[in-house]
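In the order they appear, the protein sequences are chains A, B and C.
If you want the working numbering, it's the position in the first sequence, counting the first as 1, plus 7.
If you want the working numbering, it's the position in the second sequence, counting the first as 1, plus 106.
If you want the working numbering, it's the position in the third sequence, counting the first as 1, plus 184.
All C-beta atoms in this analysis are idealised placements derived from N, C-alpha and C, irrespective of residue type, glycine included.
Predicted, not measured: the structure shown is a model, and the values here were computed from it.
Accompanying notes for the structure given below.
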Amino acid sequence: MSSIGGVPFYILEFGDELVYFTPYTITLFLLALVFTVLVILSRPERQVDIAFGGDAYTTKQILKDEMRFRRFMSIACGLASMGAMVTGDIFNFTLFTAMVGITNVGIVAAVKSPHVQNAAYQYGLVALSATVPLFGAAAVYAASTGSLSMIELARGTLPAVPIIAKALLVIGVVGEGMAPFYAAKAEMFRAPGAPYVIMCSLSSLLIFLRVVEVVMLG
Amino acid sequence: MMWGEYSIGLLLVLVSGVIGFAALAIEIDDLHRLLLLDLVEISSLGIIALLGTDLAEALVLPGLTVGIAELLALSQIYITKERLKDKPVKGLNIEVIRKADAPVVISAFLVVYGLILSGFTGGGVAGLGLVFFFMSRGYQEDLNMLEMASGISWAIWIFAFFVFMFLPQYWFVALMCAAVGIVLKVTVKMSLVGTMWGEVRE
Amino acid sequence: MIIRRISHYLCNYENIVPLFAGACALLFVAAILLLPITYHEHPLYPKTIDRNSTLDPYDRGGPPFSQVVIGVQYPENSPTAGLVTTYLTPFSLFLADRTQHLGTTIVAHPGGIIDEILYNTRGLDTVVEPTILLIAFAIASFLYRKVK
Chain A
8 MSSIGGVPFY ILEFGDELVY FTPYTITLFL LALVFTVLVI LSRPERQVDI AFGGDAYTTK
68 QILKDEMRFR RFMSIACGLA SMGAMVTGDI FNFTLFTAMV GITNVGIVAA VKSPHVQNAA
128 YQYGLVALSA TVPLFGAAAV YAASTGSLSM IELARGTLPA VPIIAKALLV IGVVGEGMAP
188 FYAAKAEMFR APGAPYVIMC SLSSLLIFLR VVEVVMLG
Chain B
107 MMWGEYSIGL LLVLVSGVIG FAALAIEIDD LHRLLLLDLV EISSLGIIAL LGTDLAEALV
167 LPGLTVGIAE LLALSQIYIT KERLKDKPVK GLNIEVIRKA DAPVVISAFL VVYGLILSGF
227 TGGGVAGLGL VFFFMSRGYQ EDLNMLEMAS GISWAIWIFA FFVFMFLPQY WFVALMCAAV
287 GIVLKVTVKM SLVGTMWGEV RE
Chain C
185 MIIRRISHYL CNYENIVPLF AGACALLFVA AILLLPITYH EHPLYPKTID RNSTLDPYDR
245 GGPPFSQVVI GVQYPENSPT AGLVTTYLTP FSLFLADRTQ HLGTTIVAHP GGIIDEILYN
305 TRGLDTVVEP TILLIAFAIA SFLYRKVK
């Protein structure tokens with residue numbers, strides 16, 4: 008049981024799906040929790056446009072309903088990341104990851120600017136196509152080992168997980184979190200409203216850290 | 107290593123997946139990409155279905171729902187992005203249906219029968235009733251109401267889940283709550299099909 | 185030089201969909217090459233097919249309220265699993281008593297155990313799933329109202 012980031016302190020049982028807390032998962036969980044609380048408390052940043060060659064500048068107004076919607080999406084994103092951090096079931100993990108993906112799309116898509124909308128659409132296409140390898144990986148895990156529980160996989164008594172299932176899982180998480188595509192993501196960061204946009208970034212970092220642990224099992 | 111039935115099935119699904127993804131990689135038009143995605147999704151359902159146990163059915167349903175949900179959100183983003191305006195499409199414009207009380211009676215019957223059936227089937231039947239009602243009336247959609255119903259069904263479902271987990275002796279109550287939750291959920295989904303179709307808007 | 189060209193390509197967000205789809209296609213090809221994957225002999229929630237049952241592919245075994253074994257991962261966590269096997273309305277029951285073809289459609293009657301897996305033993309999945317639906321619906325209706 009040493010390979011799942013330490014001995015679980017506590018296992019919460021939801022039927023066949025166990026939620027477990029090890030030193031590794033609890034650290035990531037607390038990080039997501041703290042950031043979600045920050046998002047609830049903080050006020051959005053306002054972008055300032057400065058006109059070239061003069062002293063004129065304007066502050067971009069953020070509409071109230073837009074701000075509330077994005078805050079809702081960020082909180083949902085935080086909850087999804089928390090769930091993805093502590094769940095002990097492969098399929099449940101993929102579902103939480105898919106939820107992180109769609110909430111990230113929501114955070115970005117709430118902004119009116121056509122440029123941002125276009126970026127959100129492209130990102131949404133990637134997030135949606137990433138569910139294919141994600142769920143496929145979970146199904147191959149179940150078929151080849153006869154179990155979806157990470158605790159069972161960590162015991163080492165089950166047959167080895169095919170390498171391709173792990174690869175599919177990783178590319179699915181990459182698609183949902185778009186971790187290596189920061190260059191492309193920078194386009195979306197032009198959207199105003201700082202804490203919410205950072206939630207996208209943090210959640211994708213967190214799910215990527217977690218998938219590293221998951222692929223080391225079995 | 108043996109080529110069992112499972113591997114042969116997987117081969118077919120993976121080949122279809124490769125075709126789908128290759129098409130997606132080549133396609134440039136945004137709308138076509140969305141349609142191709144729907145095609146690619148099917149191969150993931152295929153991989154899940156190859157499990158061939160009751161687990162497969164339990165995993166296909168979430169997989170399908172996630173796909174449909176994201177497709178719904180993405181198509182709305184597409185509409186906003188392309189600044190498409192609503193085209194005035196008439197409802198089911200049949201004189202008899204418009205004037206008579208028949209649609210009300212039929213949809214009321216379907217909704218009540220759906221509630222009796224409960225569960226997945228019941229949601230489908232009740233939703234069909236609402237779709238029929240909306241189509242025949244040229245109903246102005248009240249998205250707020252549908253949103254609320256969706257939220258309520260979610261809450262009922264979570265409640266049922268916690269009863270199952272922490273008070274398993276009351277499993278029957280939990281089962282009934284979950285059945286009511288799924289009725290509302292499927293009803294909302296089905297009636298969305300009816301309302302988002304587009305109808306007369308003054 | 186090459187890095188700059190790559191980062192320039194990635195900068196254009198129009199390119200990320202072809203890039204990701206291409207990567208997935210390559211991975212699927214790799215999956216085909218690595219193919220024969222052995223199916224585990226003891227799957228979770230195994231399914232038996234009884235061709236003589238009137239509920240054929242959806243027959244979960246046994247009358248309702250008598251517990252059947254459904255092969256869950258942790259039986260001690262789901263003490264009530266297997267109690268609900270079939271879920272028929274009076275009309276479906278009437279049909280099931282008279283015809284062999286009721287089971288050909290899941291629409292006629294959802295099977296009990298699938299509902300149990302969904303609500304009970306794998307309930308957390310089902311909690312996440314309507315949550316995703318709710319989120320997607322919230323996005324769509326927010327944008328919809330904004331356009332109007």
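(Q) 9 Å is my cut-off, CB to CB: does C:Gly266 come that close to chain B? (A) As a first step, residue 266 of chain C must be located in the third sequence, where it is residue number 82. Not one chain B Cβ lies under 9 Å of C:Gly266.
(Q) What are the residues in the segment 114-131 of chain A lying within 7 Å of chain F by C-beta distance? (A) This model lacks chain F altogether, as its protein chains are A, B and C.
Q) Using the beta-carbon count (16 or more within 10 Å), is A:Ser120 buried or exposed? A) Residue mapping note: residue 120 of chain A aligns to position 113 of the first sequence, counting from 1. Under this definition A:Ser120 is an exposed residue.
Q) Buried or exposed: which applies to A:Phe16, given that a residue is buried once 16 or more other Cβ atoms fall within 10 Å of its Cβ? A) Position 9 of the first sequence, counted from the start, is the residue given in the question as residue 16 of chain A. Exposed: under 16 other Cβ atoms inside 10 Å.
Q: With 7 Å as the C-beta to C-beta threshold (strictly closer), list the residues of the segment 122-135 of chain B near chain C in chain order.
A: Gly123, Val124, Phe127, Ala128, Leu130 and Ala131
Q) So, is the C-beta of B:Val172 closer than 9 Å to a C-beta in chain C? A) Residue mapping note: residue 172 of chain B aligns to position 66 of the second sequence, counting from 1. Closer than 9 Å: yes.
Q | Nearest-angstrom Cα separation, counted from A:Ala167 out to A:Ala150 | A | Reading the first sequence from its first residue, position 143 is the one you call residue 150 of chain A. Reading the first sequence from its first residue, position 160 is the one you call residue 167 of chain A. Spanning the two alpha carbons is a distance of roughly 12 Å.
Q: Please compile the residues from chain B whose C-beta is within a distance smaller than 7 Å of the C-beta of C:Asp309.
A: In the third sequence, residue 309 of chain C corresponds to position 125, counting from 1. By Cβ distance, chain B contributes Pro168.
Q: Go to A:Phe28, then tell me how far its beta strand (DSSP E) extends in each direction, as first and last residue.
A: Position 21 of the first sequence, counted from the first residue, corresponds to residue 28 of chain A. Per DSSP, the unbroken beta strand (DSSP E) holding A:Phe28 starts and ends at Glu24 to Phe28.
(Q) Is it buried or exposed, A:Lys71, if we count other Cβ atoms within 10 angstroms and call 16 or more buried? (A) For this step, residue 71 of chain A is matched to residue 64 along the first sequence. The residue in question, A:Lys71, is exposed, as its Cβ has fewer than 16 Cβ neighbours within 10 Å.
Q: Report yes or no: is there a C-beta of chain B within less than 9 Å of the C-beta of A:Thr138?
A: Here residue 138 of chain A refers to the residue found at position 131 when the first sequence is read from its first residue. Chain B, which has a Cβ nearer than 9 Å to the Cβ of A:Thr138, makes this yes.
**Q.** Listed by chain order, chain B residues near C:Tyr258 by CB distance under 9 Å
**A.** For the purposes of this step, residue 258 of chain C is taken as the residue at position 74 of the third sequence. Using a Cβ-Cβ cut-off of 9 Å, C:Tyr258 is close to nothing in chain B; its nearest Cβ partner there is about 12 Å away.
Q: Pick helix, strand or coil for A:Asp96, following the three-state DSSP scheme.
A: In the first sequence, the residue the question calls residue 96 of chain A occupies position 89. A:Asp96: strand per DSSP, three-state reduction.
Q | For A:Tyr148 and B:Leu151, the rounded distance between their alpha carbons | A | As a first step, residue 151 of chain B is located in the second sequence; it is residue number 45 there, counting from the start. As a first step, residue 148 of chain A is located in the first sequence; it is residue number 141 there, counting from the start. B:Leu151 and A:Tyr148: Cα-Cα distance of roughly 15 Å.
**Q.** Inter-residue spacing [alpha-carbon to alpha-carbon] between C:Pro241 and B:Ala175
**A.** Counting from 1 along the third sequence, the entry for residue 241 of chain C is found at position 57. Counting from 1 along the second sequence, the entry for residue 175 of chain B is found at position 69. Approximately 28 Å between the Cα atoms of the pair.
Q) For B:Trp109, does the count of other Cβ atoms within 10 angstroms reach 16, so buried, or fall short, so exposed? A) For the purposes of this step, residue 109 of chain B is identified with residue 3 of the second sequence, where counting begins at 1. Answer is exposed; the Cβ neighbour count stays below 16.
**Q.** Residue from A:Ala105, A:Ala127, A:Asp62 and A:Leu19 whose Cα sits closest to the Cα of C:Tyr258
**A.** What you label residue 258 of chain C is simply residue 74 of the third sequence in a count that begins at 1. The option with the nearest alpha carbon to C:Tyr258 is A:Leu19.
**Q.** Top-ranked residue by Cα proximity to B:Leu143, from A:Gly153, A:Leu175 and A:Gln129
**A.** For this step, residue 143 of chain B is matched to residue 37 along the second sequence. It is A:Gln129.
Q: Give the DSSP bridge partners of A:Phe21, in chain order.
A: Walking along the first sequence from the start, residue 21 of chain A turns up at place 14. In DSSP, A:Phe21 forms a bridge with A:Glu24.
Q | Cβ of A:Gly22 within 9 Å of any chain B Cβ | A | Translated into positions along the first sequence, residue 22 of chain A becomes position 15. Chain B contact via Cβ: present.
Q | Straight-line gap, A:Ser208 to A:Leu132 (C-alpha atoms, nearest Å) | A | Translated into the one-based positions of the first sequence, residue 208 of chain A becomes position 201. Translated into the one-based positions of the first sequence, residue 132 of chain A becomes position 125. The alpha-carbon atoms of A:Ser208 and A:Leu132 are separated by roughly 18 Å.
Q. When Cβ atoms are compared, which residues of the segment 189-207 of chain C fall closer than 7 Å to chain A?
A. Residues of the segment 189-207 of chain C whose Cβ lies closer than 7 Å to any Cβ of chain A, in chain order: Ser191, Leu194, Cys195, Tyr197, Glu198, Ile200, Val201, Phe204, Ala205 and Ala207.
Q: Quick one: using the 10 Å Cβ neighbour count with 16 as the cut-off for buried, is A:Gly163 buried or exposed?
A: The sequence position of residue 163 of chain A within the first sequence is 156, counting from 1. Exposed, by the Cβ-count rule.
Q) With distances taken between CB atoms, is the gap from B:Gln182 to C:Tyr328 smaller than 9 Å? A) Your numbering for residue 182 of chain B matches position 76 in the second sequence. Your numbering for residue 328 of chain C matches position 144 in the third sequence. Less than 9 Å divides the Cβ of B:Gln182 from the Cβ of C:Tyr328.
Q) For A:Glu24, which residues of its own chain have a beta-carbon under 6 Å away from its beta-carbon, when the five flanking residues on both sides are left out? A) Numbered from 1 along the first sequence, position 17 holds the residue referred to as residue 24 of chain A. The answer, listed in chain order, is Asp96 and Asn99.
(Q) Tell me the rounded alpha-carbon separation between A:Leu224 and A:Glu183. (A) For the purposes of this step, residue 224 of chain A is identified with residue 217 of the first sequence, where counting begins at 1. For the purposes of this step, residue 183 of chain A is identified with residue 176 of the first sequence, where counting begins at 1. If you take the alpha carbons of A:Leu224 and A:Glu183, they lie about 21 Å apart.
Q. Got a sec? Which residues, its chain only, sit under 7 Å from A:Ala83 by beta carbon, not counting five neighbours each side?
A. Position 76 of the first sequence holds residue 83 of chain A. If we look at A:Ala83 and ignore the five residues flanking it on each side, its Cβ neighbours are Thr110.
Q) Near A:Ala191, what residues of its chain come up, given a Cβ to Cβ distance below 6 Å and the 5 sequence neighbours on each side ignored? A) Working through the first sequence from its first residue, we reach residue 191 of chain A at position 184. Note that A:Ala191 scores a pLDDT of 47, beneath 50, so its modelled location is shaky and nothing firm can be said.
Q: Taking B:Val172 as part of the alpha helix (DSSP H), name the residues at either end of that continuous run.
A: As a first step, residue 172 of chain B must be located in the second sequence, where it is residue number 66. Asp160 to Lys187 is the span of the alpha helix (DSSP H), which, as asked, contains B:Val172.
Q) Which residue or residues does DSSP assign as beta-bridge partners of C:Ser191? A) For the purposes of this step, residue 191 of chain C is taken as residue 7 along the third sequence, with counting starting at 1. Paired residue(s): none; C:Ser191 is not in a bridge.
Q. So with Cβ pairs under 9 Å, would you call C:Arg235 a contact of chain B?
A. The residue you call residue 235 of chain C lines up with position 51 of the third sequence. No, its Cβ sits nowhere closer than 9 Å to a Cβ of chain B.
Q: Tell me whether B:Ser113 sits in a helix, a strand or coil according to DSSP, three-state version.
A: Position 7 of the second sequence, counting from 1, holds the residue named residue 113 of chain B. Here B:Ser113 sits in helix by DSSP.
Q. Cα separation between A:Ile178 and A:Leu135?
A. For the purposes of this step, residue 178 of chain A is taken as the residue at position 171 of the first sequence. For the purposes of this step, residue 135 of chain A is taken as the residue at position 128 of the first sequence. Each residue's alpha carbon lies about 13 Å from the other.
**Q.** Chain-ordered chain A contacts of B:Val218 [CB-CB under 7 Å]
**A.** Here residue 218 of chain B corresponds to residue number 112 of the second sequence, with the count starting at 1. Correct list: empty, because the minimum Cβ distance to chain A is about 33 Å.
Q.
Just to check my reading of the structure: A:Leu165 and A:Gly143 have Cβ atoms closer than 8 Å, yes? What is that Cβ distance to the nearest angstrom?
A. Here residue 165 of chain A is taken as the residue at index 158 of the first sequence, counted from 1. Here residue 143 of chain A is taken as the residue at index 136 of the first sequence, counted from 1. Not confirmed; about 19 Å, so no contact.
Q | Endpoints, the alpha helix (DSSP H) within which A:Lys173 is located | A | Working through the first sequence from its first residue, we reach residue 173 of chain A at position 166. From DSSP, the alpha helix (DSSP H) with A:Lys173 extends over Ile170 to Gly184.
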